[in-house]
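Chemist: Submitted below is the structure of interest, expressed as structure tokens.
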Amino acid sequence: MSDRAAIRGVVLCEDQLTEQFVRKLLGALGFDTRRRIRFARAPAGDGSGEAWVRRQYPREVRELRSKRHQRDLCLLAIRDGDRFGLDARKRELDEQLLSTELAPRQAAERIATPVPTWSIESWILALLGDIEPDEDRPAKAELARRHGERVGEAIAAAVRAWCDGGAATSALPSLRDGVDELSRLTAQR
Amino acid sequence: MIERVYIDNFRCFSSFELRLDRMNLLLGANGSGKSSLMEVIATIADGLGAGTATESGFVPEDLTRWDARAEQRFELDVRLEGAMFCYRLRLRHDVEGYDTMIVEESIEQDGRELFAYREGQVHLHHDDDDRVTSFPFAGYRSYLSDLDDRPQHSRLARFLRYMRSVRALKLIPSQIESVTVEEHPTLQRNGSDFASWYRHLAQERPGQLHELFEELRKALPGFRSLALVGARRNGRARDLVARFDSPGGGEHELEFEALSDGQRALIVLYTLLVDLRSGPRLLLLDEPECFVGLTEIRPWLYELEEAVQKGGQLLLVSQHPEIIDVLASERPLLFERADGGPVRVRTTVFQRDGGLGASEQLLRGLDP
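So the sequences go chain by chain: L and F.
Each residue of the first sequence is one higher than the one before, starting from 1 at the first, in this note's numbering.
Each residue of the second sequence is one higher than the one before, starting from 1001 at the first, in this note's numbering.
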């Protein structure tokens, strides 16, 4: 079993599309998404999915820190940047920790907080080269318009592009940051 | 996909109308009508395929107990590649004679009648012109179950093909038999004839077996393959067996009946998944997670969601937190019956700002 395949963790996400993307991406990167990575996604209903992830975050951080001696644990909390953007979203998560009397995320912690901006659709379309990279414009409808019922195949192609280096060299700052964030999941401590 | 269902005077459904999406999680207390909704759709589909709409499908006991009328009405709006088909069925039950007759049945496409049965006459409209073929028919079952693919009725055939492809499952693994004597193109709702359905798939779509075995190898430790072997009772009888790695190398066979309930359930569920990938269809799944190990529910559900996304449709009843928490991110349908009265459905159910999962909110009885 590779190092990545042995890692256990939790992924907090807003919706099915994000889960689909992250699941395929982590799988392609060698994580065991079937048995060792637990996905939790926001329920449909009143309120925002982003807020649901933010409110779950402290509990999962506390859980992770309580098992500090287990070196193969990780946490990934992914939220769309929307109009707020990368830095504001990351700040919100640290503030959420502080509000529950937890220390902000530390550099050595296996906690990743990628922020697809404008949204996960922007990442997928940018990785596919479907649109000019743009973090200031919503792209939710564009993905459905271009790929419709074949969105699963579009995600698979986007993940291949990520693995081929398309994310690290993307013109989207949030996508390049996403690569750095994911590297935290396997960081040596 | 089915976009709208209307049911009147059936069990706890009284003038009941429901809009459906591609993914539909049906939630609610026991006796709130979830399984009955699935049963209506499955029975209509059976009636259009096997002619059971009245003979063994809808029966007088299914009339709403607090309603004195003897007539039932069912309607389905089905969108297929942009065309909207409207199916209507009106039944009359003779409670004392234990008899059920179709009073009226019709199918329209985008407002144009394709088929009608009324006053003892079938009216079949041709695709290309205004001609109508009419003839008498006894309404003990649907004439549509007899109708095969004819070029002059291609629109009607398109609707019927879709309805006949519906798969409904309320699995009881212990009732699945190993022995099959013939192929079955459809699967019984309790899964009991799985061996015969598998035999049909192996014959018609052998290329898919590799895909099925790949999925099952991930879900069942040591699993290698399924096979139809032997001819114990007569020349056509076969036993369905599962082959597994043996501890000391090589492989061993287990008759399907020798597998655990959970193993049988997983094999049926992954076969349904692979079947769904072969063509868009409607799946009606009533508590499919029963018997399945906790860690195996999510991987199967994830694959199912992705398969449905490619043009299928899912109606799923579940009481399991694992399924509720995943599928509640789509549009959950909460079935309720105030004071034991007719079914009502709410669609906006959960609060997301509170940070609790959907199942936990249900358990705590939270209300928006």
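Backbone N, C-alpha and C define an ideal beta-carbon position, used for all residues, glycine too.
Since this is a predicted model, take the numbers as computed values, not measurements.
#1: Which class does F:PHE1291 belong to by DSSP, given the choice of helix, strand or coil?
#2: Decide yes or no for the touch test of the segment 11-25 of chain L against the segment 76-89 of chain L: beta carbon pairs closer than 8 Å, at least 3 of them.
#3: Express the C-alpha separation of F:PHE1350 and F:PRO1368 in angstroms, rounding to a whole number.
#4: Taking Cβ to Cβ, would you say F:ALA1029 is nearer than 9 Å to L:GLY45?
#5: Please classify L:GLN70: does DSSP put it in a helix, a strand, or coil?
#6: Hey, F:LEU1226 and F:ARG1238 are a contact pair by Cβ (cut 8 Å); roughly how many whole angstroms apart?
#7: Can you check which of these residues, L:ILE120, L:GLY178 and L:LEU86, is closest to L:ALA141 by C-alpha distance?
#8: Select from the segment 52-67 of chain L all residues with a C-beta closer than 8 Å to any C-beta belonging to chain F, and list them in chain order.
#9: What did DSSP end up calling F:PRO1368 once you bin it into helix, strand or coil?
#10: Ignoring anything shorter than 4 residues, give me the alpha helix (DSSP H) runs that lie fully in the segment 1266-1312 of chain F, in order along the chain.
#11: Bridge partners for F:LEU1333 per DSSP, in chain order?
#12: Does any C-beta atom of chain L lie closer than 9 Å to the C-beta of F:PRO1368?
#13: Run through DSSP, which three-state label would F:PHE1135 get?
#14: Classify F:MET1101 as helix, strand or coil using the three-state DSSP reduction.
#15: With C-beta atoms as the reference, is F:LEU1037 less than 9 Å away from F:PRO1332?
#16: What does the Cβ neighbour count give for F:ASP1128, buried or exposed, with the cut at 16 atoms within 10 Å?
#17: Spell out whether any CB of chain L is found under 9 Å from the CB atom of F:ASP1353.
#18: Could you tell me whether the segment 138-155 of chain L touches the segment 15-35 of chain L, where touching means 3 or more Cβ pairs closer than 8 Å?
#19: Can you have a look at L:CYS163 and say buried or exposed, based on whether 16 or more other CB atoms are within 10 angstroms of its CB?
#20: So if I threshold CB-CB distances at 9 Å, which residues from the segment 100-117 of chain L count as touching chain F?
#21: Mind the definition here: the segment 165-182 of chain L touches the segment 1272-1283 of chain F only if three or more C-beta pairs lie below 8 Å; say whether that holds.
#22: Could you tell me whether the Cβ atoms of F:GLN1319 and F:GLU1287 are closer together than 9 Å?
#23: What are the complete alpha helix (DSSP H) segments, minimum 4 residues, inside the segment 1158-1217 of chain F?
#24: Between L:ILE111 and the rest of its own chain, which residues show a CB-CB distance below 6 Å, the 5 nearest in sequence each way excluded?
#25: Under a three-way DSSP split, which group does L:PHE84 fall into?
#26: DSSP state of F:MET1001, grouped into three classes?
#27: Would F:PHE1350 count as contacting chain L if we go by Cβ distances under 9 Å?
#28: Could you check how far apart the C-beta atoms of F:ARG1337 and F:GLY1033 are, in whole angstroms? I think they sit under 8 Å.
#29: Residues of chain F with a CB under 8 Å from the CB of L:ASP46: which are they?
#30: Could you check where the beta strand (DSSP E) with F:TRP1229 kicks off and where it finishes?
#31: What did DSSP end up calling L:CYS42 once you bin it into helix, strand or coil?
Modeler: Per the coordinate set shown:
#1: coil
#2: yes
#3: Only weak support exists for where F:PRO1368 lies, its pLDDT of 47 falling under 50; the value from the coordinates is given anyway. Their Cα atoms are separated by approximately 6 Å.
#4: For F:ALA1029 and L:GLY45, no; Cβs fall outside 9 Å.
#5: Assignment of L:GLN70 by DSSP, reduced to helix, strand and coil, places it in the coil class.
#6: About 11 Å separates the Cβ atoms of F:LEU1226 and F:ARG1238, ruling out a contact at the 8 Å cut-off.
#7: Scanning L:ILE120, L:GLY178 and L:LEU86 for the CA closest to the CA of L:ALA141 turns up L:ILE120.
#8: TRP52, ARG55, GLN56 and ARG59
#9: Unreliable positioning characterises F:PRO1368 in this predicted model, as indicated by a pLDDT of 47, which lies under 50. The coordinate reading is nonetheless provided below. In the structure shown, F:PRO1368 adopts coil according to DSSP, grouped into three states.
#10: 1294-1309
#11: F:LEU1026
#12: For F:PRO1368, the predicted model reports a pLDDT of 47, less than 50, meaning its position is unreliable and no value from the coordinates is stated.
#13: strand
#14: The three-state reading of DSSP puts F:MET1101 in strand, counting E and B together.
#15: no
#16: When all chains shown are included, F:ASP1128 counts as exposed.
#17: yes
#18: yes
#19: exposed
#20: Answer set for the segment 100-117 of chain L: empty.
#21: no
#22: Going by C-beta atoms, F:GLN1319 is nearer than 9 Å to F:GLU1287.
#23: Annotation note: the segment 1158-1217 of chain F contains the following uninterrupted alpha helix (DSSP H) runs of length 4 or greater, listed N- to C-terminal: 1194-1204.
#24: Correct list, in chain order: LEU75 and ARG105.
#25: coil
#26: coil
#27: yes
#28: 7 Å
#29: THR1348, PHE1350, GLN1351, ARG1352, ASP1353 and PRO1368
#30: The displayed chain sequence assigns Val, not Trp, to residue 1229 of chain F. Unbroken beta strand (DSSP E) run through F:VAL1229: 1223-1229.
#31: Here residue 42 of chain L is Ala; the residue named in the question, Cys, does not match the sequence. Correct three-state label for L:ALA42: coil.
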